[in-house]
Structure formats: C-alpha cells, structure tokens
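Inspection log for the structure reproduced underneath, given as structure tokens.
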Amino acid sequence: MKTIVVIYDEQQILNLVTAYMEMPEKVIFLYEKKDEKLIRNPVIHRYLDCEIEYLQISRQTIREVCDTVRRDDTAFDIHGGNNFAIAAVSQIAEQRGAELYYPDLEAGKMLVLKDGKVTIKDLLLPKLSVKEMVSLYGAKVRNLPEEQYDAEGRKIVEACMRAKRRNNKRWVNFTKTVGNLLKKYGTEGVIVTEGYVYREYRSIFEEIRDVFSLLEDDYKHLRFRIADPAYAQLLADTGVAFEYDTYYQLIDAGCFDDVDIRVNIDWNGGDFTASDPNSELDVMATLNSRLISISCKSGKYDQQAVYEVKTNAEKFGGKRAVPVLCTDLNENHPELVSKADELGVLVLEYQDMWNRKAAEKILAWMKRGRKDR
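The numbering of the sequence shown is the numbering used here, which starts it at 67 and goes up by one.
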C-alpha cells in the first residue's frame with residue numbers, strides 16, 4: 067500500500083495505529099481547524115517512517131484527495147473525526163473499491179472493509195512509554211531526580227512500609243518529626259536532637275535501622291546520620307514509601323510496557339518554566355498504548371481524590387486511560403468504591419495493596435473494558 071488517508075481525531079492514539087500497522091509510503095491526515103494544535107505531534111512522527119502530509123478538511127481538499135484514489139494503492143482510515151469527511155471518503159472508497167480501515171481498540175482488532183466484505187485482523191499497537199503517551203496528548207514530562215533505588219534501597223522501602231502498616235498514626239508523627247529535623251539540618255551531616263525523640267519512636271528507629279549509618283542515644287541526646295541522602299524522602303514524607311511500594315508491585319509484574327514513579331507533568335508541553343501549570347502523578351504505566359495513572363493515598367481519602375485521578379488520567383492519556391486510586395489506610399469505604407466504579411475509576415483498598423495484588427487488579431480491570439461514562 068502506498069498511501070493511507072486518515073481523518074484526524076482528538077484521540078491521538080487512533081491517528082497512529084492504522085499507519086503504524088500497515089506501514090504505507092505516505093500518510094495524509096485530514097484535520098479540522100479546531101484540531102490544528104494537535105497535528106504534527108512528535109510521537110506520531112517518531113513511529114511513522116514515511117512521508118506525512120496534513121490537509122485541512124474542506125470540500126475541495128477531500129475532492130482532491132479522493133480524485134487521486136486508485137483501487138490498489140490508497141486506503142482510508144475512518145476511525146473518527148469529521149463526519150462529513152467520513153461520509154465523503156467512504157462513498158468514494160466504495161465506488162472505487164478502495165479499502166476502509168477501522169481500528170477497534172477495545173476489541174484489539176482491525177476491521178478492513180472492501181468490496182462489501184469485512185476482514186478482521188489482530189491489531190498491532192506500538193509499545194509507548196509513559197513519556198510518549200503524555201506527549202501524545204500534548205503535555206510534557208519533566209525530568210525529576212527521582213531515585214530508582216538499588217536492591218539495598220528497596221529493602222529500606224520495604225522496612226519503612228512494615229513500620230507504617232504496623233502503626234500508621236505513629237509513622238505519620240515520626241515522619242513529621244524527622245522531616246522537620248532534615249529540613250533544619252540537611253540530609254548529609256550528623257543530626258543531634260533531644261534524646262526523647264529516640265525513646266518516643268524507638269521501635270520505628272530500630273525497625274528501619276539500615277536507613278542510618280549512625281544511630282546513637284545517650285539518653286540526653288539522639289545522634290543520627292542517614293546512610294544515603296536518597297533515603298531522606300522516605301522519612302520526610304508520609305506517603306513516599308507507599309508510592310514506591312506501588313511502583314515495585316507494577317515492576318515485579320513484568321507485564322507493563324513502561325512504569326515510572328512521581329511523574330511531574332507540564333500541561334503546556336513546553337520548556338517547563340516555574341509559572342507553568344503542572345501535576346505530579348504518583349505512579350504511571352503503559353500497556354498496549356493505554357496509560358495507567360495511579361494516585362497513592364497513604365491516609366484518608368474522599369470522593370475528590372476519585373475525581374482528581376480520573377481527570378488527570380484522561381487529560382494525559384485520553385478516554386482509554388486507566389485511572390487508579392490506591393489506598394493504604396486500614397479502612398474500607400465501599401460507598402466510595404462503588405461511586406468510583408460508576409465514574410470509571412478503579413479503587414484498590416488496603417487489602418489488595420498489602421497482599422501485592424495491584425498489578426493483578428489493574429490487568430483484570432483493563433481486560434473487562436471500560437464503559438464510556
């Protein structure tokens with residue numbers, strides 16, 4: 067096939083899949099004026115190794131494109147977009163025996179219509195990274211120095227999670243206390259504070275002893291030093307250890323195309339200046355060109371948290387994004403879980419997280435398919 071004509075749609079992944087699968091020599095995108103800001107997306111150009119042309123939809127451009135159609139070397143993708151363009155090219159394709167392509171993402175199938183017959187093929191989707199998916203929908207991931215811990219660092223994360231889950235309230239108070247000390251003294255030197263701090267949180271200090279290269283108490287004073295400054299964020303923020311625990315659950319599943327943690331996103335897709343609006347997503351993953359956006363709540367959560375994760379997921383991953391809210395507090399809220407399900411949001415309560423079922427539950431949710439809501 068030499069040419070595919072694609073009617074441009076706001077759901078960017080649909081603009082890519084047919085040409086990616088069929089590898090034509092040329093792609094012509096027919097776009098509406100309102101979608102002008104969406105065209106020439108760098109991710110689409112990265113995955114299509116062919117000539118690409120953009121034409122704004124009008125009766126004249128459609129007529130000119132259709133006049134060039136020959137039976138064997140031009141096909142049309144009619145997945146969505148402008149209804150007039152779909153009707154016009156469908157009529158021309160039927161008259162001249164050209165192929166019509168319709169990618170069905172939910173079914174994972176490509177429908178090919180020609181001469182009154184339908185051929186169904188398995189859909190081939192690109193394995194997009196988190197950054198590529200976000201870029202596809204017009205934003206940009208800011209490169210933050212987030213720690214990708216080694217084996218020793220992961221042991222530290224796991225120790226922090228055990229301490230947190232044993233007594234969440236004490237862990238919250240502990241992280242506030244240590245966080246204030248680290249803010250005052252920094253993360254690399256020896257910190258000296260009152261001895262009662264150790265006695266108040268002795269069980270936690272002992273449980274996470276590997277965090278420290280120095281941990282001494284002479285009753286009057288507590289002296290400690292963090293073994294690696296990278297561990298400081300685990301002690302200074304109540305929920306960071308839970309974010310990493312969730313991240314490791316997805317990594318360990320070994321089935322996602324990409325997994326990233328604490329992703330900072332610039333809404334404008336520019337150079338990320340301080341004045342740009344941005345969002346931080348706790349954990350994000352991709353699978354079969356779908357974005358999984360996860361918000362981790364280590365404490366109480368409410369319905370606003372459900373709306374927030376849904377909004378961010380679809381803003382940066384389109385209608386097929388998978389919004390997930392993971393909770394770690396030893397409480398159940400069936401009414402919120404039910405409401406979230408109505409909104410198309412998956413809520414994983416503490417039993418699933420403690421039993422390391424995050425990936426399993428997300429995969430099952432994706433398999434059942436999301437309803438349009």
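Note that the Cβ used here is the ideal one computed from N, Cα and C, for glycine as well.
When DSSP builds the beta bridges, which residues end up paired with residue i?
i	result
Asn330	Arg208 and Glu346
Val258	Arg289
Phe382	Paired residues: none, contrary to the question.
Asp170	Lys175
Val83	Note: Val83 sits in no beta bridge, so no partner.
Ile158	BP columns for Ile158 are empty, so no partner.
Leu280	Arg291
Val184	Leu179
Lys405	Per DSSP, none; premise fails for Lys405.
Ser361	Leu391
Arg356	Leu353
What is the DSSP secondary structure of residue i, counted as helix, strand or coil?
i	result
Thr393	strand
Arg220	helix
Tyr264	helix
Ala298	helix
Cys321	coil
Glu272	helix
Gln122	strand
Ile152	helix
Lys423	coil
Ala351	strand
Ile144	coil
Thr440	A query on residue 440 cannot be resolved here, the shown segment of the chain reaching from 67 to 439 and no further.
Glu165	strand
Ser201	helix
Ile428	helix
Leu414	strand
Thr253	coil
Thr312	helix
Thr31	Since the displayed the chain opens at 67 and closes at 439, residue 31 lies outside it and no answer follows.
Thr134	coil
Leu248	helix
State the Cα-Cα distance for the pair residue i and residue j, rounded to the nearest angstrom.
i	j	result
Leu429	Val390	11 Å
Leu171	Leu189	8 Å
Ala141	Cys392	44 Å
Trp333	Gly163	43 Å
Tyr203	Ile79	9 Å
Asp283	Lys242	20 Å
Met419	Phe240	22 Å
Asn148	Glu98	7 Å
Tyr267	Ile274	11 Å
Asn354	Phe271	43 Å
Ala159	Glu309	51 Å
Val71	Ile94	5 Å
Gly365	Asn398	12 Å
Asp143	Phe382	24 Å
Arg289	Arg236	20 Å
Asp139	Leu114	18 Å
Lys437	Ile358	Only weak support exists for where Lys437 lies, its pLDDT of 45 falling under 50; the value from the coordinates is given anyway. Cα to Cα, Lys437 sits roughly 16 Å from Ile358.
Gly252	Ala319	36 Å
Ala296	Met432	34 Å
Leu104	Gly255	49 Å
Val155	Lys183	17 Å
Arg352	Ala425	Looking at the sequence itself, residue 352 is Thr, so the reference to Arg does not match. Each residue's alpha carbon lies about 12 Å from the other.
Asp249	Ala298	Residue identity check: residue 249 is Lys in the sequence provided, not Asp. Whole-angstrom Cα-Cα distance: 10 Å.
Skipping 5 residues on each side, what residues in its chain have a beta carbon closer than 8 Å to that of residue i?
i	result
Ala293	Asp276, Val277, Phe278 and Ser279
Glu374	Ser361
Ala151	Ile73, Leu96, Ile123 and Ile128
Val244	Leu301 and Ala302
Ser201	Asn107, Pro108, Val109, Val207 and Gly335
Lys405	Gln369 and Val372
Glu380	Ala387 and Pro389
Ile186	Lys175, Met176, Leu177 and Val178
Leu412	Val388, Pro389, Val390, Leu391, Ala406, Lys427, Ile428 and Trp431
Tyr86	Tyr113, Leu114, Leu190, Leu191 and Pro192
Could you name the residues of the same chain whose beta carbon sits closer than 6 Å to that of residue i, not counting the 5 residues immediately before and after it, in chain order?
i	result
Val286	Correcting the residue identity first, residue 286 is Lys in this sequence and not Val. Answer for Lys286: Gly261, listed in chain order.
Val258	His287 and Arg289
Leu179	Leu166
Val263	Leu288
Cys132	Ile158
Glu91	Lys68 and Cys116
Identify, in the order they occur along the chain, each residue of the same chain with its Cβ nearer than 7 Å to the Cβ of residue i, setting aside the five sequence neighbours on each side.
i	result
Gly384	Gln77, Gln78, Ile79 and Tyr203
Ala307	Val223, Cys226, Met227, Lys230 and Leu300
Gly174	Asp188 and Leu189
Glu198	Val109
Quick one: is the Cβ of residue i within less than 7 Å of any heavy atom of the ligand ADP?
i	result
Met432	With respect to the ligand ADP, the structure shown offers nothing to examine, as it has no ligands at all.
Beta strand (DSSP E) runs contained entirely in the segment 83-117, provided each spans 3 or more residues: 92-97
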